[in-house]
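S.K.: Sending over a structure as structure tokens; questions will come in a sec.
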Amino acid sequence: MVEAKAERRVPYLLDFYPLQGEEHTRIHPFFQHLQEGRLTTTRCTACGEVLWQPRVVCPHCNADEMEWVDLPQVGEIFAFTSVQAGAPKGMEEDLPFVVGIVTLKGTDMQILARIEGDEESLEIGQPVRVTVERLADGRVWFRFRTVEA
Ligand SMILES: [Zn+2]
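Adding 401 to a residue's 1-based position in the sequence shown gives its number in this note's numbering.
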């Protein structure tokens, strides 16, 4: 009898990470830029608003002409909490982990993301930097990691 190989696969609808190809999303440049280590977003060319998250239609003026702009790679922790249970599928083994809001340097833009480190070692106001997380299937996502001030 052949023993079934244990392979963890997350059902598509429970997959936390978005499909990132041009055939799946109109914000695919965001993921291409992330592959290059750049955190980017869209800026509405009609009203000039820099949007987060990246969008294909401006929520302020409804225009659909966007340009890609780089965001600061650094910021500081505005708030954070620790996830102790109820992690998304595929992240159960990461528990506990920290999720927080980071204010990007020189902006009023605040981004929700995972922050490397444990709850006890992090502080409000601590400087952080974007880090690209590479998934086994080639997709990318981002987190923040603490840096020296
Ligand atoms: Zn606009």
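Positions of the beta carbon are idealized from the N, C-alpha and C atoms, including for glycine. Quick caveat: nothing in here was measured; it's all calculated off a predicted structure.
Going by the CB atoms, is the gap between residue 506 and residue 475 shorter than 8 Å?
M.R.: Against a cut-off of 8 Å, the Cβ pair of residue 506 and residue 475 comes out as a contact.
S.K.: Can you give me the C-alpha to C-alpha distance between residue 508 and residue 426, rounded to a whole angstrom?
M.R.: Cα-Cα distance, rounded: 27 Å.
S.K.: Per DSSP, what kind of secondary structure is residue 466 in: helix, strand or coil?
M.R.: Here residue 466 sits in coil by DSSP.
S.K.: Comparing the CB of residue 450 with every heavy atom of ligand 1, is any distance shorter than 7 Å?
M.R.: The answer is yes for residue 450.
S.K.: Would you say residue 537 touches ligand 1, meaning its beta carbon is less than 7 Å from a heavy atom?
M.R.: No, Cβ of residue 537 sits at least 7 Å from all heavy atoms of ligand 1.
S.K.: Kindly provide the ranges of any alpha helix (DSSP H) runs that are 4 or more residues long and lie completely inside the segment 420 to 464, ordered along the chain.
M.R.: As far as the segment 420 to 464 is concerned, its whole alpha helix (DSSP H) runs of at least 4 residues are 429 to 436.
S.K.: Taking DSSP as the reference, what is the three-state secondary structure of residue 403?
M.R.: Bear in mind that a pLDDT of 49 at residue 403, under 50, signals an unreliable position, so the model cannot answer this.
S.K.: Quick one: using the 10 Å Cβ neighbour count with 16 as the cut-off for buried, is residue 485 buried or exposed?
M.R.: Residue 485 should be labelled exposed.
S.K.: Could you tell me which whole alpha helix (DSSP H) segments of length 4 or greater appear in the segment 499 to 540?
M.R.: Runs of the alpha helix (DSSP H) inside the segment 499 to 540: none found.
S.K.: Relative to the alpha-carbon of residue 516, which residue among 472, 491 and 543 has its alpha-carbon at the smallest distance?
M.R.: Cα-wise, what sits closest to residue 516 is 543.
S.K.: Identify whether residue 495 lies in helix, strand or coil by the three-state DSSP scheme.
M.R.: Residue 495: helix per DSSP, three-state reduction.
S.K.: Find out if the Cβ-Cβ distance for the pair residue 528, residue 500 is shorter than 8 Å.
M.R.: No.
S.K.: Hey, out of 464, 434 and 458, whose CA is closest to residue 447's CA?
M.R.: Nearest option by C-alpha distance: 464.
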